[in-house]
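Below you'll find the structure, written out as structure tokens, and then a few comments.
2 protein chains.
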Amino acid sequence: MNITALEKIALSVRALSIDAIQKANSGHPGLPLGAAELGAILYGELLRHDPSDPAWADRDRFILSAGHGSMFLYSLLHLSGYKDISLDDIKNFRQIGSSAAGHPEYGMAGGIEATSGPLGQGLAMAVGFAVAQTMLAARFNTAQHKIVDHYTYALCGDGCLMEGVSAEASSFAGHHGLGKLIVYYDSNKITIDGSTDIAFTEDVAKRYEAYGWQVLRGSMYNFEEIARLTSQAKAETQKPSIIILSSIIGKGSPNKQNTADIHGAPLGPDEVAAARANLGIPGDFYIAPEAQDFFKAKQTEWKKIRADWQSLFEAWSKENPEKRKEWDEFHSGKAAPANLPAYNEGDKIATRTAGNKALQAITAVNRNLAGGSADLKGPNAVGLPSDAGTWTKENRAGRYIHFGIREFAMAAICNGIALHGGFRSFCSTFMVFSDYLRPALRLSALMKQPVVYVLTHDSIFVGEDGPTHQPIEHLASLRIMPGVHVLRPADAEETAEAWAMAMEYNQGPTALALSRQNLTVFPKADPEWKNTIRTGAYVVKQTEGEPDAVIIATGSEVGLALEAAAKAGGKKLRIVSMISRELFESQPAAIRDTIIPPGVRVIVCEAGVRSGWERWAKVEDILSIERFGESGPAAKAAEHLGMTSDALVKIIG
Amino acid sequence: MNITALEKIALSVRALSIDAIQKANSGHPGLPLGAAELGAILYGELLRHDPSDPAWADRDRFILSAGHGSMFLYSLLHLSGYKDISLDDIKNFRQIGSSAAGHPEYGMAGGIEATSGPLGQGLAMAVGFAVAQTMLAARFNTAQHKIVDHYTYALCGDGCLMEGVSAEASSFAGHHGLGKLIVYYDSNKITIDGSTDIAFTEDVAKRYEAYGWQVLRGSMYNFEEIARLTSQAKAETQKPSIIILSSIIGKGSPNKQNTADIHGAPLGPDEVAAARANLGIPGDFYIAPEAQDFFKAKQTEWKKIRADWQSLFEAWSKENPEKRKEWDEFHSGKAAPANLPAYNEGDKIATRTAGNKALQAITAVNRNLAGGSADLKGPNAVGLPSDAGTWTKENRAGRYIHFGIREFAMAAICNGIALHGGFRSFCSTFMVFSDYLRPALRLSALMKQPVVYVLTHDSIFVGEDGPTHQPIEHLASLRIMPGVHVLRPADAEETAEAWAMAMEYNQGPTALALSRQNLTVFPKADPEWKNTIRTGAYVVKQTEGEPDAVIIATGSEVGLALEAAAKAGGKKLRIVSMISRELFESQPAAIRDTIIPPGVRVIVCEAGVRSGWERWAKVEDILSIERFGESGPAAKAAEHLGMTSDALVKIIG
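These protein sequence lines map, in sequence, to chains A and B.
Using my numbering, the letters of the first sequence correspond one by one to residues 568 to 1220.
Using my numbering, the letters of the second sequence correspond one by one to residues 568 to 1220.
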């Protein structure tokens, strides 16, 4: 280990971070200065990576869970040779168009494995990466060729460890014995409000032992120790490891280090000067020549390591052509079309159940789809075919994942699985509890990860469980999140297409809104409905000539609209099933107008808040629910809340 | 201790639960059957309460965090004499109109201290109750008279302990040494998906020790042991206690106990018969006479205990008339009007900063307002006047609470503080992280608790922190939650009124959307604007005669609209600041029409998704942001995203 070079790397991280943040007049110097030594040894010695190929499948992953310390990551990516973070990007830190954005953003540059900043989620995503690693290894490694053999590293601060999502994910990781997960805890005892003494004095080490982790301790400023502890972490193959590193926030800034002031504000010109003098930084955006030389030599070394892996991979491919074919399928990002279940008109089946049939069919031909539920496997109806197996310590090839009652971590872990590469992931809970995982769904959308969220019990028709379990505002709240596909199928046939649409869409998450209650499979007026539905809406019931009104309904309320139309005999009514309002609204007017002719009266019916539907209908023409639900059998609750075909008939007039 | 009577109470809990759930054909027998013994001793011996006065200020509180086991609570409330849960209610369990709703709902019956069901939150609210108890005791107890001296008890299952929110709240409770908080953990090792072995094998006891709790263990089925452990818990005054009780889910159901089947489904007629035979239950909705007799005697005893307290309270009142006056104010549910800060036209001040001035003024005259931030005291600008103090182990009279980086627990704890009685509470974080606490906000609304959520950094004008920190869909997502007041003031003057409105509103939570950036105090055309704003909107800029268009804007975009109007010289434009869309929409048409004349063209400008505004303007007349944000200085980010006065001028045409 070249200690001098590592010291110079750390110095360069500090120099770049100080200057970038000062120039932007915005940013968080505390972490990059405080943890520069860890960064130096990580990117210099510990990580098995190749900056010239950031997509190398068997690279080690590093996730900066404390995403506010983004200059830590950018400095190291730049120094070690990742082309996407240029010195210009660093000089334009936090400016429009720079890949060195305020917080690390996935997709902006190779080497940024995940978008982080919302605290705790980086650690939870790291758990997902580690899950995916085991699944990939179990499927593809052979006795002769270990083509999947990488680690997942993460760096957390106090904030990450206070957030509940990291607790959930860590308990999960301990239970499942993720031996290739190594978390560094930058323990500097300072948060924005001051010392951790004011709010966070728990015994973190003991807590992680309780989760079943290996807990190691050391100093942030001792390279040999960090190397030794990391070796110990690797040697423990049955448990994830957390390495608690005592550190000093903002180390190197003589007057601000070890205070809350340095957490999230530039040093200011005077302190920049003082820090430079203190550290021996000769100029602006300084990179020590020794650091440069070190990484230059390393780059050759890393290329060779990757080339060796490539040879291994080729040898493996030759001996295992079937596995190789599957490997390529796994990494194609494309789903294979499934033999979807068929139904007959009049079949009565809950869309959650129909969802399960579709999921099972899709699972059979997409062997890289894995996921599960937050302890609601039966109620969410997300069991997989038995040959898919359950993912456990003993069976890493299993595909059903028991997440436990941990919705938020579940979704973040699914993000990690998707980000890792090779897998599609899904997760499930009651729709009302989508609130528990909402921050992770937002990251799915922001990172454009095609995680499928199976959200069952999608309305007040849940019934007896009452208002805490009846979604009211949730459909609307999911729809308004940019990039989230919300699909609410109206019967079993639509559900099969919905799952197919979810798999076809690989640019972001899909939320499937599925019913608890049975729905009747209805005849579809549009003979091409399986195509048309991909525009977000199609005509379920046609009427001759100009309709008196078009009724838009979604999910279970399509059946209710059909019932109302039958009751409202004399009226010429067209009924539209709008499986995805956003998808429909994104169509060209020409397409929209064939479904909803301009000028015609539009009535909307949906068992949730009306917000967003005012674009299509007058408030008085919308049958919605603008209050919390009520505990009672579904039909009684619906009556109580006015969500009935009679109420719709009244609106039709 | 009358063991025989306690056994008969437990038997009655089982009998009522079995029958109510079977009759409803819906519900969760696992917990009430498995924990009936705890219920018997809690309601029979341990709780200091008086069913004839459920609002008694110094009663012990019990929160059923595992809310799905609602029949546990209803049975015990009925048996012990709470009038609001009649036998008829139990016979109508989970039916419309019964106070025995699917999950316990606050407000439905005395003795239901909180709405529970969304897992983990009951425990977090219990922490809030315990916080409030210390605050009340510190303010009002005297050396001579200890008028506040009650405990907070909670019952949790595996689900509660897997949820991240309970981890956050428990770490907080341990740090703050909440000695009067006693949590029972019904450890039955079964969840919906099966054994806890599949997902939850952490060492819970060790974890709680790590949090700084006293950890005790025993059997659910040994009354003496439970009594002894509870005494031990009370004896430890410096730490909260968790009592881990080994139990058998569904105990008494001979063929289903100790299986996941009994968690959440009725026993079915055969198993009802088998359970009755097994337990010795002679008939429908059986209540053992011994249980009845026991509680009858107890009721007299409890009345006496409360009467003794009442005498104590009167004696204290006589000696401490000033304190008594304050006590009454604290419990009135009404806020005192504050001397709000005044501003001058042209003042440039961020609404978060103006919010702080208002908060400080309000705090000065409302000594029962307490709260804080999730480690963003400075950025959220929620510091209190120094004489308000900080709530710590050493200063229980302090009013500023350091919640740590635990948004979800923070909000749930604030719910608990509000529910306890005597206090108003507020919490704060960046608006984008309202997603982290959303499930608790939903409970604030459902329980109609006037918690104030201070959500700063309310738009893309956050700037450099980028898309993870820039709210886009959040205003819309908060507005659609039933019962949540969302107020987005446009300058410092409006901010003062917004805080006043938040305090006036005591029927639910208020979300204050406040800016990070400076906003200019603008002249208001409506001389009565301080009244009119309470309708949700008022006219900021008037025009002579019929306007060509009305521009609705909120928050920082009111300034942007004024700028655009100045640029669009020739047009006759009226500008409306709509501090609360929902409040405005709830006004009679006559009031709405004075602000927005029917038929006039309406333009809307808001730095977030347009969803919900389509009621007021055509899509092409709405200046909104329909994508995630971008990292860059605020003005550059706004330009990049098209949120500028020039873009608005273009729409004006």
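In this text, a Cβ means the ideal position worked out from N, Cα and C, and glycines have one as well.
Three or more Cβ pairs closer than 8 angstroms define a contact, and the stretch 1013 to 1027 of chain B meets that threshold against the stretch 988 to 996 of chain B. Within the stretch 668 to 712 of chain B, the complete alpha helix (DSSP H) segments of 4 residues or longer fall at 688 to 707, listed in chain order. As DSSP reads the structure, D753(B) sits in a beta bridge with L812(B). When the alpha-carbon of I1189(A) is set against those of V1176(A), A624(A), F975(A), the nearest one is in V1176(A). Across the stretch 1172 to 1203 of chain A, CB contacts with chain B closer than 7 angstroms involve V1176, S1178, G1179, E1181, R1182, V1186, E1193, R1194, F1195, E1197, S1198, G1199, K1203, in sequence order along the chain.
Under a 10 Å Cβ-count criterion, I570(B) is classified as exposed, with fewer than 16 other Cβ atoms of the shown protein chains found around its own Cβ. At a beta-carbon threshold of 9 angstroms, the residues of chain B lying near L1013(A) are P1034, T1035, F1195, ordered along the chain. Just measuring C-alpha positions, the residue of I757(A), P1056(A), A1080(A) sitting nearest K1097(A) is P1056(A). V698(B) counts as buried, since at least 16 other C-beta atoms from the protein chains shown sit within 10 angstroms of its C-beta. In the DSSP annotation of this structure, the continuous segment of the alpha helix (DSSP H) that includes G983(B) starts and ends at 974 to 987. Contacts with chain B at 7 angstroms (Cβ-Cβ) include A1043(A). Rounded to the nearest angstrom, the gap between the Cα atoms of D716(A) and A710(A) is 13 angstroms. DSSP places N592(A) in the coil class of the three-state scheme, outside both helix and strand. Put simply, the backbone Cα of A794(A) is about 45 angstroms away from that of A1205(B). In this model, H1207(B) and T797(A) are separated by some 44 angstroms (Cα to Cα). Under the Cβ criterion of 7 angstroms, S593(A) is counted among the residues facing chain B.
Chain order gives no chain B residues near M638(A), where near means a beta carbon separation below 9 angstroms; the closest approach is about 12 angstroms. For the pair of segments examined, the stretch 895 to 910 of chain A was found to touch the stretch 1054 to 1071 of chain A: the number of CB pairs separated by less than 8 angstroms reaches three. Of the candidates D860(A), A1131(A), E1060(A), L598(A), L598(A) places its Cα closest to the Cα of L812(A).
Distances from the CA of E1113(A) to each of A633(A), G664(A), R1168(A), R581(A) were compared; the closest alpha carbon is that of R1168(A). For the options F1028(A), I663(A), E776(A), T768(A), the alpha carbon positioned closest to that of T959(B) is the one of T768(A). Using beta-carbon distances, T1023(B) does not count as an interface residue toward chain A, since no partner is under 7 angstroms. Measuring C-alpha to C-alpha distances from G634(A) to each of G684(A), R1159(A), H1041(A) identifies G684(A) as the nearest. The beta-carbon of P1049(B) is placed less than 7 angstroms from the nearest beta-carbon of chain A. Distance between L986(B) and A964(A), taken at the CA atoms: about 48 angstroms. The residues I1027, I1039, A1174, G1175, V1176, L1208, G1209, M1210, in chain order, have a CB closer than 8 angstroms to that of I1192(A) in the same chain once the five nearest residues on each side in sequence are set aside. For H1207(A), the enclosing alpha helix (DSSP H) starts and ends at 1201 to 1207. The DSSP-derived three-state label of S992(A) is strand.
Burial state of N935(A) is buried, judged by a 10 Å Cβ sphere holding 16 or more other Cβ atoms. H743(B) is not a Cβ neighbour of I765(A), given a cutoff of 7 angstroms.
Between the alpha carbons of L722(B) and Y752(B) lies a gap of roughly 6 angstroms. Taking E1111(B) as reference, the option from S953(B), T918(B), A1092(B) with the minimal CA-CA separation is A1092(B). Closer than 7 angstroms to the CB of F997(A) there is not a single CB belonging to chain B. Taken in chain order, the complete beta strand (DSSP E) segments of 3 or more residues contained in the stretch 1126 to 1155 of chain B are 1140 to 1144. Listed in chain order, the alpha helix (DSSP H) runs fully inside the stretch 576 to 640 of chain A are 597 to 601, 603 to 608, counting runs of at least 4 residues. Interface flag for Q662(A) against chain B is set, since a Cβ pair is found closer than 7 angstroms.
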